[in-house]
Amino acid sequence: KKFDAVWFLQLIDAAANVLLAGIGRLLQGSEEGLPQQLLFCSGLGQVMSKYCLSASLAAGLSFPIATLAKSAKMVPVMVGSLIVGGQRFSLRQISQAAA
Numbered sequence: 003k004k005f006d007a008v009w010f011l012q013l014i015d016a017a018a019n020v021l022l023a024g025i026g027r028l029l030q031g032s033e034e035g036l037p038q039q040l041l042f043c044s045g046l047g048q049v050m051s052k053y054c055l056s057a058s059l060a061a062g063l064s065f066p067i068a069t070l071a072k073s074a075k076m077v078p079v080m081v082g083s084l085i086v087g088g089q090r091f092s093l094r095q096i097s098q099a100a101a
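Quick note, the sequence shown lines up with residues 3 to 101 if you use this note's numbering.
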């Protein structure tokens, strides 16, 4: 039988992350002045990425192809960092992302 409860897998993953983060805050305390909106957007992007991977695997995409597609995401991230943040990359970093 084909796995089709991707939403449940994401729910369990998110609940485990919230529980672990809550334990971390209890033990370490919280930091003042963190950019909450930026952290929210980053977290939302990660949850969506996990969902898309799980949904594509459940739909029949092979794991090696999904892994290859995920490894190619470094290039747009580097381009965005270059444009938005003015980040500079060494020749080695560029060649690693292109490989």
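Note that CB positions come from ideal geometry on N, CA and C, so glycine has one too.
Check: residue i C-beta below 6 Å from any heavy atom of the ligand FMN
i: alanine 101; result: Judged by which ligands are present, the structure shown has none, so any question about the ligand FMN falls away.
Spatial distance of residue i from residue j (CA atoms)
i: glycine 35; j: proline 66; result: 41 Å
i: alanine 16; j: lysine 75; result: 22 Å
i: glutamine 89; j: serine 73; result: 20 Å
i: leucine 46; j: valine 79; result: 16 Å
i: phenylalanine 91; j: serine 83; result: 10 Å
i: serine 32; j: leucine 40; result: 16 Å
i: proline 37; j: isoleucine 85; result: 20 Å
i: phenylalanine 1; j: alanine 23; result: Residue coverage of the chain in this structure runs from 3 to 101, which leaves residue 1 outside it and unanswerable.
First through last residue of the alpha helix (DSSP H) which encompasses residue i
i: glycine 24; result: 8-30
i: glycine 52; result: Reading off the sequence, residue 52 comes out as lysine, not glycine. Per DSSP, lysine 52 belongs to the alpha helix (DSSP H) from 38-60.
i: alanine 106; result: What the structure shows of the chain is the stretch from 3 to 101, and residue 106 is not part of that stretch, so it cannot be assessed.
Contacts around residue i, its chain only, beta-carbon distance under 8 Å, and the 5 residues preceding and following it disregarded
i: glycine 26; result: none
i: valine 77; result: Ala99 and Ala100
Selected residue, minimal CA-CA separation from residue i, among the options
i: threonine 69; options: Ile85, Ser51, Val81 and Val86; result: Ser51
Residues of its chain near residue i, where Cβ-Cβ distance is below 7 Å and the 5 sequence neighbours each way are ignored
i: isoleucine 6; result: Note on residue identity: the sequence assigns aspartate, not isoleucine, to residue 6. Counting only Cβ-Cβ distances below 7 Å, and skipping sequence neighbours, we find Ala60.
Is the region 5-25 close to the region 54-62, with three or more CB pairs under 8 Å?
-> Judged by Cβ distances under 8 Å, the region 5-25 makes contact with the region 54-62, as three or more pairs qualify.
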